[in-house]
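Asks: Would you mind keeping the following structure in view while I ask a few things?
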Amino acid sequence: MSVVQANMHPLDNYLRTERLPHVWCSGCGIGTVLGAYLRAMKNIGMDPEKTIMVSGIGCTGRAAGYVKMDSFHTTHGRPIPFAVGIKAARPDLNVTVFSGDGDLFAIGGNHIIHAARRNADITVITINNFIYGMTGGQLAPTTPETGITTTSPYGNVESPFNLAGLVAVSGASYVARWTSLHVRRLEKSIEKALKKRGFSFVEVLSPCPTAYGRRNRMRDPVDMLKYFQEHAVVKHHINPLEGVIEPDKDFIVGEFLDAEEEPTFEDKLWEMTKKEFLYTSQAERTAWILEHRRHLETLSKIISGRGER
Amino acid sequence: MRLTLTGNQANAWGVKLSRVQVVAAYPITPQTTIVEELAEFAANGQLDTQYIKVESEHSAMAACIAAENTGVRTYTASSSHGIALMHEMLHWAVGARLPIVMGAVNRAIGPPWNIWADHTDTISQRDTGWMQFYVESNQEVLDTIIQAYKVAESRDVLLPAMAIEDAFILSHTVERVEIPDQELVDEFLPPYNPPDYLNVDDPKGFGSLVMPDWYMEFRYIIARAQEAARKRIREVTKEYAEIFGRDYHGLVEEYRTEDADVVMVGAGTMVSTARDVIDKLRSEGHKIGLLKIRVFRPFPYEEFQDIAKRVDVIGVMDRSFTFGYGGAMFSEVKGAIYNTDARPKIKNYLIGIGGRDVTPKMLEDTFRNALRVKDHGLDREMMWVDLKGGE
Ligand SMILES: Cc1ncc(C[n+]2csc(CCOP(=O)(O)OP(=O)(O)O)c2C)c(N)n1
Ligand code: SF4
Ligand SMILES: [Mg+2]
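In order, the protein sequences belong to chains A and B. Here the first sequence stands for residues 235 to 543, where the numbers follow my numbering. Here the second sequence stands for residues 1209 to 1599, where the numbers follow my numbering.
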């Protein structure tokens, strides 16, 4: 007979509950998005034991520390090369990057277009909160024109990136944009992204009342959600270039791209090298590596056991 | 005028008084509030500067380099991983002979992540050719920025410089800071006047290739420039003291070293605490003094050769560790003395790493340990102070 603990949250099995409470501010959207991600995993039966979360640095990047999976909290800007490295070595694992807009599009901006171009089989979720949240609200490459930040105290003169559009034209297999208000659709979309073989990307517009909203006439967390409600227009498979976000104007959310599955980067690497080896599949190669490592571990245990005697 | 400023605000004030023309920066804790202050100065017209909000520290240094190449004064600030990411460009700034000044706020390097005071980030850039000034108060931060430009831009130097402050202990803590008169600063630090710059009337290429038959000579010229800097720093510090009334004594500052048998060496904020501890031990009759390394690059080897003649023990405190042997300051001090006749015992204390508070008690234990070396000889070369579980 199974005992159900009354105080258990449905996602407790996916979280390092001993690390809670988390650091995120009240009204922050990151938790909502992490919840959607974990539910999506659960819905499609993705095994947390076989899933790796890779984050960079930022408020969003803290997610890697809270999930009950193997995770990497990498340097600022580099989660994508870390993820590509993990996937190349262990193509049998599911690899998700969960990181901020500054991390993935400012300091690490180069990597995302290359991973998309290669069609690396990883899933990237980015929180676009229009700001560098963790460092206290400096201008990011997503800050809308006119946005007030601590490094643009009298307004922004730069144009922001259209993140979903950029990734869509870079060669990705699946691209979507939602806001933290569109929780149900976001969850479904993440399910698709996780299932997709190839590079998949989900951008989630999300409130940062502390470092962004406060300076931009959206002091209350709900103000930003209202802005999403009033201005987000759901449209699918648009010309990615229509995905620009301009101050006080409507913007598009939805599925930007859901391409036919094509061989992934890892598939192509395998195709290129397999003739040199005896394995008949990628899975066999991984199995062989793991088996070999188990032998080595047993051997070293025996040796160290002898040492003790 | 006196203002109550954090170390980071004092840093920004130093930049403002130096009339920097281009700032390029990327935020990182604990540096960020410097460039936020500068963004404010730039936006409200208090400082006539072009502030570029670049997408990484690597880009920040690249932008400073190119802007400086057009003949304007530039500035950036960073910490920790930001400085590490800049590494390639730090070399470039030196090779291109550009007197850029950077505010460096010392913070540990990951993993494990840690945002607190630790000198690894700047110490690990020592071979790039940047001058390094370690400061101990908010006033010194401001004064050092101005002095650093003056030294860096000297025609016989033309090398970049870091003004280095400890994370949080200075960067986020307020002190009263005397703001020098702008006119006096303008007189002390005239506009940047480079011998060579991007000038369309006199076309040239930047960053050319040099074959093995000449590359070494370029490196030698930089080595000479570091030597020239050694002299310039002494002169500029003196001139600054005459005009502004604050003397930082060149490359090192001695404290109660007269008749000392034991001298402790350190850099950054720990030396302020150390002075008090020296006073206490002196009052007990111990002949102990302090030597503050203010400038680590160029290295003050003459000053160390001089002190080595006068003492029996030198205790070198490093707030970072150079894996494979010992603390960088320790190795340099030891190396500087070896070819002289002086033979003091030299012991390395690894202390305050990763932001561990350097308390008076911790320093007192350390200094007493150095006093024991005097009486009982050197027990071992290195000691990790306050290490959990022991060595
Ligand atoms: C090399 C380097 N530069 C700068 C930083 C400082 N830093 C930490 S997080 C961050 C920005 C985070 O913004 P974003 O990626 O948008 O994440 P958010 O906090 O908004 O979720 C910065 C600049 C760093 N850790 N490393
Ligand atoms: S600063 Fe912004 S992004 Fe970071 S936790 Fe707070 S609300 Fe969220
Ligand atoms: Mg962000």
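Backbone N, C-alpha and C fix where the C-beta goes; we use that ideal spot for every residue, glycine too.
For Ser1264/B, which residues in chain A fall below 9 Å Cβ to Cβ?
Replies: His310, Gly311, Ala340, Ile341, Gly342, Gly343
Asks: Measure the alpha-carbon distance for Gly1598/B versus Ala1536/B and round it to whole angstroms.
Replies: It is roughly 22 Å from the alpha-carbon of Gly1598/B to the alpha-carbon of Ala1536/B.
Asks: For Thr1330/B, verify whether its CB is less than 6 Å away from any heavy atom of ligand 1.
Replies: no
Asks: Can you find a CB in chain A that lies within less than 7 Å of the CB of Thr1237/B?
Replies: yes
Asks: What does the alpha-carbon distance come out to for the pair Asn1570/B and Thr1548/B?
Replies: Here residue 1570/B turns out to be Met, not Asn, going by the sequence shown. Roughly 32 Å separates the two Cα atoms.
Asks: Quick check: what's the CA-CA separation for Ala350/A versus Thr1352/B?
Replies: Looking at the backbone, the Cα of Ala350/A and that of Thr1352/B are separated by about 46 Å.
Asks: Any C-beta of chain B sitting closer than 7 Å to the C-beta of Gln372/A?
Replies: With respect to chain B, the C-beta atom of Gln372/A has a partner C-beta closer than 7 Å.
Asks: Check whether chain A comes within 7 Å of Met1567/B, counting only Cβ atoms and requiring the distance to be less than that.
Replies: At residue 1567/B the sequence reads Thr, which differs from the Met that was named. So no, Thr1567/B is outside the interface.
Asks: What whole-angstrom Cβ distance do Gly336/A and Ala298/A have, given they're in contact under 8 Å?
Replies: 16 Å between Cβ atoms; not a contact.
Asks: Report yes or no: is there a C-beta of chain A within less than 7 Å of the C-beta of Asp1247/B?
Replies: Correcting the residue type first, residue 1247/B is Ala in the shown sequence and not Asp. At least one chain A Cβ lies under 7 Å of Ala1247/B.
Asks: With respect to 6 Å, is the separation between the Cβ of Asn363/A and the closest non-hydrogen atom of ligand 2 below this value?
Replies: yes
Asks: Do you know offhand how far Lys284/A's Cα is from Ile278/A's?
Replies: Looking at the two C-alpha atoms, the distance is approximately 13 Å.
Asks: What's the C-alpha gap between Arg1518/B and Glu1511/B?
Replies: 11 Å
Asks: So what does DSSP say about Glu1435/B, is it helix, strand or coil?
Replies: In the structure shown, the three-state DSSP call for Glu1435/B is helix.
Asks: Which residue wins for smallest C-alpha separation from Tyr1557/B, given the options Met1310/B, Val1262/B, Trp1592/B?
Replies: Trp1592/B
Asks: Which residue's Cα is closest to the Cα of Leu439/A: Asp304/A, Thr384/A, His465/A, Arg527/A?
Replies: Between Leu439/A and the set Asp304/A, Thr384/A, His465/A, Arg527/A, the nearest pair of CA atoms involves His465/A.
Asks: In angstroms with no decimal places, state the Cα-to-Cα distance between Phe306/A and Thr360/A.
Replies: 16 Å
Asks: Buried or exposed: where does Ile537/A fall if 16 or more other Cβ atoms within 10 Å of its Cβ makes it buried?
Replies: Ile537/A is exposed by the Cβ-count criterion.
Asks: Under a three-way DSSP split, which group does Gln1340/B fall into?
Replies: strand
Asks: Am I right that Val1313/B and Ala1375/B are in contact with their C-beta atoms under 8 Å? What's the rounded C-beta distance?
Replies: 6 Å
Asks: Run through the segment 1321-1399 of chain B for me and flag every whole beta strand (DSSP E) of 3 or more residues, listed as ranges in chain order.
Replies: You should have 1339-1342, 1369-1374, 1382-1386.
Asks: Thinking C-beta only, is Ile486/A closer than 7 Å to Ala270/A?
Replies: The Cβ atoms of Ala270/A and Ile486/A lie no closer than 7 Å to each other.
Asks: What are the boundary residues of the alpha helix (DSSP H) that Ile314/A is part of?
Replies: 313-323
Asks: Find out if the Cβ-Cβ distance for the pair Val1385/B, Leu1211/B is shorter than 7 Å.
Replies: Yes; because the gap between Cβ atoms is below 7 Å, this pair is in contact.
Asks: Which one of Asn1277/B, Tyr1533/B, Asp1335/B, Glu1383/B has the shortest CA to CA distance from His1295/B?
Replies: The candidate whose alpha carbon is nearest that of His1295/B is Asp1335/B.
Asks: Which residues share a DSSP beta bridge with Leu1558/B?
Replies: Asp1526/B, Trp1592/B
Asks: Within 10 Å of its beta-carbon, does Val1302/B have 16 or more other beta-carbons around it, so buried, or fewer, so exposed?
Replies: buried
Asks: Kindly provide the ranges of any beta strand (DSSP E) runs that are 3 or more residues long and lie completely inside the segment 1212-1240 of chain B, ordered along the chain.
Replies: 1230-1233
Asks: Pick helix, strand or coil for Gly1535/B, following the three-state DSSP scheme.
Replies: coil
Asks: Would you please state the rounded distance, in angstroms, between the beta carbons of Met1310/B and Pro1368/B? I believe it to be under 8 Å.
Replies: 7 Å
Asks: To which residues of the same chain is Ala1482/B closer than 7 Å at the C-beta, ignoring the five residues directly before and after it?
Replies: Met1472, Gly1474, Leu1498, Leu1571
Asks: Would Thr520/A pass as an interface residue toward chain B - the criterion being a Cβ-Cβ separation below 7 Å?
Replies: no
Asks: For Arg1363/B, does the count of other Cβ atoms within 10 angstroms reach 16, so buried, or fall short, so exposed?
Replies: exposed
Asks: Am I right that Phe364/A and Gly381/A are in contact with their C-beta atoms under 8 Å? What's the rounded C-beta distance?
Replies: 7 Å
Asks: Might you give, ordered along the chain, the residues of its own chain that have their beta carbon closer than 8 Å to the beta carbon of Arg543/A, omitting 5 neighbours on each side?
Replies: Bear in mind that a pLDDT of 46 at Arg543/A, under 50, signals an unreliable position, so the model cannot answer this.
Asks: Measure the C-alpha to C-alpha separation of Gly1562/B and Ala1285/B and round it to an integer number of angstroms.
Replies: 20 Å
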